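Just so it is clear: in the sequence shown, position 386 is 386 by this note's numbering, and no numbers are missing.
A short worksheet on the structure shown next.
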Amino acid sequence: MSDDYGYDDEDDSPYGVDSSGGDDRAGVSRDGGRGPERTFAALPPAQGRGFATSWWGRAWLQALEDTALDGQQLKQGRQLARKGGVGAVSVRPGRITAMVRDRDGTAHRSDVLLQQLGSGAWDRFLDMAVDRAGHIAALLDREMPPHLVEDAAGAGVELLPGIGDLEPECTCGAWDHCPHSGALCYQVARLLDEDPFVLLLMRGRDERRLLDELQVRSAARAVRPGGGGEGGDTSEAEREIRGVPAGEAFAAAGILPPLPALPSAPDAPGLGPSLDTETPPAPGVDPVALEVLAADSAVRAHRMLLDALAPGHEEQPLPVELTPRQDAVRLAADARPDARIGARLAAGSGRPPVDLEAAVRAWRYGGVAALAVLDEEWAPDPEDLERARVRLGEAWEAGERPALRASGRARWTVAGADLQLRLDREGRWWPYRKERGRWVPAGPADDDPAGALAGAEDGAADGMSGVGVAV
């Protein structure tokens, strides 16, 4: 038989030898004539949890489920393991053993055999591991990174079992995996989650021997020219693998646990921090202004999250980047600051404080487009102007059209009323109302001038004046 998967120099069988008795203490190691052995105390029932959370534990169970011919037997085995029917588990090279009790209390000795690695395979594994210090560091952290398994496979060493590699033996007389051997394998998956050295022990090397051999090889390599010692060109940090190559991560996709479900969006933005402390602020720092900015950041982040989760988000155009003057108005509209901060925002928007309230109203009605209608008076070309006049003539039934007079190049005022319609560059109509001698936005845009004007009149009836920011 090949030296790679066959008889080891410690044992006379690729699967180890039988034993009886054993220490019930968790993880106790013994090293006698039969080779190293660890015994793990019976684990508590696994109610409400899976048997494997690590990717290598899942790979172990995948090998079991791919090997067994009767899925019903494995289902019964899962139930036995979940209810705590597996006793202390003995792990040694080539074999795991436990007493498993049926539901009626009948006990059966069950063994699962896994072929050991031969000395040649171990030599290649150790040489590979010495070259990659990150692999050993991961094992010492009780982790088995996918690239360790991939690198071992590249050296011709298969660490994880595959189809047919887990061979059952049970005193119940079954020739295939029975509920008892299945329960044992499910329980061992929990042990593997905690310590991947359990798998290496099954393959023929216990942790102490493995680390000793690695230390010897590392020391021997360090004194060779170019081996990383004095005069070597490559440091251990440079040899260490950083990250996981994309190909290896993709290859491990079938045995890695699924990603968790996306969390649901919060109902409201988080509360900003309070900077009202006993410690005076540093010179030039305004705690109240910082609180406003922090609260605004939370509101914007919440809004962006909701937009990103909305159906069809990927088809929407990118938002227009705001100028500092526009963003000052947006912040005043969203944050509703006090008079002092409002005055600073008014200065940032390039407006007198008295004009910031109108700008805030415009922003709430239509954002950047509404601000442009407030601030700019554009001149439609003759064709656009004629189209607007026709639209005004058709918007009302005969005898219902209010008397309109041109008040600018794209503005019409209702005679005898403090109401005005403004036309934007997209052909939409915006209602305005005169308050305290100033024209202010009175509603959102409408494609129909009659609808826009009606909205402004409704707004007046609802008492919309005065909505804004304290300045």
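All C-beta atoms, glycine included, are put in the ideal place defined by N, C-alpha and C.
Remember, predicted model here, so these are calculated numbers, not experimental data.
Once DSSP output is grouped into helix, strand and coil, what is the label at P431?
strand
Would you call the CB atoms of L199 and C185 closer than 8 Å?
no
Can you list, in chain order, the residues of its chain with a C-beta nearer than 7 Å to that of P161? Leave out the 5 residues immediately preceding and following it.
W60, A63 and L114
For R38, is the classification buried or exposed, using 16 other Cβ atoms within 10 angstroms of its Cβ as the cut-off for buried?
buried
If you compare alpha carbons, which of H177, V89, V91 and K83 is closest to D102?
K83
Just verifying my parser: in three-state terms, what is the DSSP assignment at M304?
helix
Which runs of the alpha helix (DSSP H) fall wholly inside the segment 88–171 and span at least 4 residues, in chain order?
119–131, 133–140 and 146–154
Decide if D151 is buried, meaning its Cβ has at least 16 other Cβ atoms within 10 Å, or exposed.
buried
Are the beta-carbon atoms belonging to P273 and A294 less than 8 Å from one another?
yes
Roughly how many angstroms lie between the CA atoms of P260 and M202, to the nearest whole one?
32 Å
Hey, how far is the Cα of W378 from the Cα of A370?
13 Å
Once DSSP output is grouped into helix, strand and coil, what is the label at A52?
coil
Report all residues from its chain with a CB closer than 7 Å to the CB of L210; omit the five preceding and five following residues, and keep chain order.
L200
By the three-class DSSP mapping on this structure, what secondary structure does E394 have?
helix
Between the segment 175–185 and the segment 71–82, do three or more beta carbon pairs fall short of 8 Å?
yes
Along the alpha helix (DSSP H) that carries R405, what are the first and last residues, could you check?
Unbroken run through R405 is the beta strand (DSSP E), L404 to A406; no alpha helix (DSSP H).
Beta-carbon proximity list for E213, same chain, < 7 Å, skipping 5 on both sides
L126
Is the Cβ-Cβ distance between W430 and P441 less than 8 Å?
yes
To which residues of the same chain is A289 closer than 8 Å at the C-beta, ignoring the five residues directly before and after it?
I341 and R344
Residue environment, E357, which counts as buried when at least 16 other CB atoms sit within 10 Å:
buried
Check whether the Cβ atoms of V329 and V299 sit closer than 8 Å, and answer yes or no.
no
Taking C-beta to C-beta, are W412 and R405 nearer than 8 Å?
yes
So for R205, helix, strand or coil by DSSP?
coil
What do you get for D338, buried or exposed, if any count of 16 or more other CB atoms within 10 angstroms of its CB means buried?
exposed
Residue from R336, R95, G437 and P324 whose Cα sits closest to the Cα of R205:
R95
Looking at the strands, I want to know which residues DSSP matches up with F40.
V89
Output the boundary residues of the beta strand (DSSP E) element that contains W175.
Looking at the DSSP string, W175 is not in any beta strand (DSSP E), and its letter there is neither H nor E.
Using the DSSP secondary-structure output, state which residues sit across from P441 in a beta bridge.
Y432
With a 10 Å radius around its C-beta and 16 neighbouring C-beta atoms as the bar for buried, classify S297 as buried or exposed.
exposed
For the beta strand (DSSP E) that contains R425, what are its first and last residues?
Counting along the chain, R425 falls outside any beta strand (DSSP E), and DSSP gives it neither H nor E.
Could you check if R351 is buried or exposed, using at least 16 other CB atoms within 10 Å of its CB as the buried criterion?
buried
Proximity below 8 Å, CB of V86 to CB of V100
yes
Give me the DSSP bridge partner(s) of L419.
R433
Cβ pair A189, A52 closer than 8 Å
yes
Leaving out five residues before and five after A450 in sequence, what residues of the same chain have Cβ atoms less than 8 Å from its Cβ?
A395 and W396
Going along the chain, which residues of its own chain have a beta-carbon closer than 7 Å to the beta-carbon of Q326, five neighbours each way excluded?
V368 and L371
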